[in-house]
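Peer 1: Can you keep this structure in mind? I'll have questions shortly.
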Amino acid sequence: AEEILDAQTSRLIGRSVHSAGDQGAPDRTAAGLAVLKEWLPRGWDARPGQEMEARYQVERRTIKVRLAAVQMAGEVLGAVAVFRDMTREVEADRAKTEFISTVSHELRTPLTAIKGYTDLLGMGAVGSLNDSQRRFLEIIKSNVGRLGNLVAELLDISRIESGRMALEVEPVALPEVLEQALASMRGNFATRRVLLSAQVDPDLPPVLADRRRILQVLTNLLQNACQYTPPGGQATLSARCVDGHVRVDIRDTGIGISEEDQSHIFERFFRADHPVVLETQGTGLGLVITKSIVEMHHGQLWLQSKLGEGSTFSFTLPLSAEGHSTVPSASGE
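In structure tokens:
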């Protein structure tokens, strides 16, 4: 703590947070104590066991601080703050993100060429193909598509983490986007013999959103419902206005998610240790990207699930008083 705050213990003991971080204090001391000044009033209303956490930067360092109120018999006696220098972890994560972005871009060019030439072969550009050749060509195309999806997800993660994912916002009639997502997935559900239904309020007000990204969110969630619901099961998409928000629920009667896995489900590359999940193609990035896109729209994404009984993924998009969301457009690539 002395090294992170650039302050001697003897100088801080017995002093209030306000006086210890007053004018003349080292930058690191002032920055750290400024966080405590902002948080301490909130601590008086904290529930037992509740912690607050944030990061701040000072002198090219990234510091994480966690604050917990000390309570006894419902009375707040003080607070405990833990400071941790996260600079190395942040730099390593940034390097990893840059590496993923570079590799993904490098993979794009050969993938485009492979896809183009397989399409030409399929159209008979070099002569007719027999049944075996067509079957092999379909295998190639399937795996090119699979790798293309992986590259797209890696690029999305890279843009999200670097703050370069842009939102092209416009007034969007959400029922139209919902129907577009449903139409694109009906064939998949039919193949899986899973009943897909919808309950959408036709009078939903428009939202100001990135149409393509919201469609991506819906498709990802519907894809999960399709993949993890056994034949004979059901999936339902519903949408309605709730407390100034549009709320969308995608409910299924699938395999469900254990309580332990629910705490990790929105972590990068996480995949539950379930036979059906392990047999299903995926990267463990879809839900991370989905959650990030919803939050970029100032919405929330959460789930309710019980192992063996199914899951419900819900997200909200906020509305203004006029019935429009207020979402700023992001800058960058």
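Residues -9 to 323 in my numbering are what the sequence shown spells out, letter by letter. C-beta atoms are modelled at their ideal positions from N, C-alpha and C, and glycine is treated no differently. A quick note: this is a predicted structure, and the numbers were derived from the prediction, not measured.
1) Restricting to Cα atoms, I'd like to know which of Glu41, Arg258 and Gly289 is closest to Leu275.
2) Are the CB atoms of Ile247 and Ser282 nearer to each other than 7 angstroms?
3) Out of Tyr46, Met42 and Glu41, point me to the one whose CA is closest to Ala20's CA.
4) Should Gln189 be labelled buried (16 or more other beta-carbon atoms within 10 Å of its own) or exposed?
5) Mind checking Phe126: buried by the 16 CB within 10 Å criterion, or exposed?
6) When you compare the CB positions of Val48 and Arg18, do they come within less than 7 angstroms of one another, or not?
7) Could you check if Tyr218 is buried or exposed, using at least 16 other CB atoms within 10 Å of its CB as the buried criterion?
8) For Pro196 and Val162, what's the separation of their Cα atoms in angstroms?
9) What span of residues does the alpha helix (DSSP H) with Ser91 cover, start to end?
10) Whose CA, out of Glu158, Gly106, Ala115 and Ala199, lies closest to the CA of Glu334?
11) DSSP puts Asp242 in a beta bridge; with which residues?
12) With a threshold of 16 other CB atoms inside 10 Å of the CB of Met155, please say whether the residue is buried or exposed.
13) Are the Cβ atoms of Ser301 and Trp292 separated by less than 7 angstroms?
14) Assess, as a yes-or-no matter, whether the region 127 to 145 is touched by the region 250 to 265 under the definition of 3 or more beta carbon pairs within less than 8 angstroms.
15) Beta carbon of Val267, beta carbon of Ala225: below 7 angstroms?
16) If you compare alpha carbons, which of Ala58, Gln206 and Asn210 is closest to Leu67?
Peer 2: To lay it out plainly:
1) Arg258
2) no
3) Tyr46
4) exposed
5) exposed
6) yes
7) buried
8) 5 angstroms
9) Thr77 to Gly112
10) Outside the modelled stretch of the chain, which goes from -9 to 323, sits residue 334, for which no answer is possible.
11) Ala225
12) buried
13) no
14) no
15) no
16) Ala58
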